[in-house]
Amino acid sequence: MDFQNRAGGKTGGGGVDSAADANVDRRERLKKNKKKLTDEMDLEEKKRTIFVGNVPRTITIRACRKLFSQFGTIDTIRMRNIVPTAESLSKRVAHITGELHGKQNSVNFYVKYKQSTSVEKALLYNGTILEGHRIRVDTCYGKKDYNKSTTVFIDILHDVLLIYLSVFCYLYFNLGNIPFDTKEDDLANFFEEHVGSVLFVRCVKDQETGMGKGFAFVIFKSPSSVSLAVNMTGLQFMKRNLRITNIMKKSKVLFIVDY
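Take the sequence shown: its position 217, counted from the start at 1, is 217 in the UniProt record's numbering, and no numbers get skipped.
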């Protein structure tokens, strides 16, 4: 069953084909836009750029600039992951007017600094709570190293190698009634209450709709929390059973770990 049928009900005959074609067109546009952003930045620019995720939808580009300028002089800021209430509405106008999809509670930013040294400083903001949101800050160059041994990513800050361990958490239950509107901060608070300190949570989302796909990555601050989490049974979130396993092999994970 496709996302449209889960969200919007049945469509008849030719309507199915038309809707499918429209979905394909939108996905192609999203791919082109994402590729354009990547192509526009060379390696030197990527080293000066950070990805900022799970930012409250109320935060403007100006507010984002004020927040991250404490780490260095900013060149440009781009906002991403905007889902307007209507297709006819541009993403820029949607954010300015606040006409975002009702299920969207966060946005993403790409912040490019004048100097690459500012990136290392900005990474320290990762995991900070802003208006109830646990902010994700990451670099924009190099491949993320996901492997079977539960390593989610590696950062080098001030010559100290920090290895954050994680679990792969899939939200599942009968009849395919997956909670696509699950919030990253709700999951983080849940695991901090039942397991241990959380660095951040990454809910994998559909780039077109902004809705979750039903699974997430939970990154803990301590390896002991990983061991505890994967051995817990009967853990429920929003009255749904959770299946928690160690992170999968890189070849099986990379296709869903993209911003």
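Ideal placement from N, C-alpha and C gives every residue a C-beta, glycine not left out. It should be emphasised that the depicted structure is a prediction, and the values quoted were computed from it without experimental measurement.
query: I'd like the list of long-range same chain contacts for serine 118, defined as Cβ closer than 6 Å, with 5 residues on each side in sequence excluded.; result: Phe71, Gly72
query: Whole alpha helix (DSSP H) runs in the UniProt domain "RRM" (48 to 142) with 4 or more residues, listed along the chain?; result: 61 to 68, 91 to 97, 117 to 122
query: When we look at the beta-carbon of isoleucine 129 and count the other beta-carbons within 10 Å, is it buried (16 or more) or exposed?; result: exposed
query: Output the boundary residues of the beta strand (DSSP E) element that contains lysine 183.; result: From DSSP, lysine 183 is part of no beta strand (DSSP E); its letter is neither H nor E.
query: So, for arginine 136: in the same chain, excluding its five sequence neighbours on each side, which residues have a beta-carbon less than 6 Å away from its beta-carbon?; result: Gly53, Asn54, Phe200
query: Note the first and the last residue of the continuous beta strand (DSSP E) segment covering leucine 199.; result: 198 to 205
query: Quick one: grab the DSSP three-state call for leucine 235.; result: coil
query: Do the CB positions of phenylalanine 68 and tyrosine 141 come within less than 9 Å of each other?; result: no
query: Looking only at DSSP bridge pairs, what is asparagine 189 linked to?; result: None, per the DSSP bridge assignment.
query: Short of 6 Å in beta carbon distance, which residues of its chain neighbour phenylalanine 191, apart from the five on each side in sequence? Order them along the chain.; result: Val198, Val218
query: Do isoleucine 74 and arginine 65 have their C-beta atoms within less than 9 Å of each other?; result: yes
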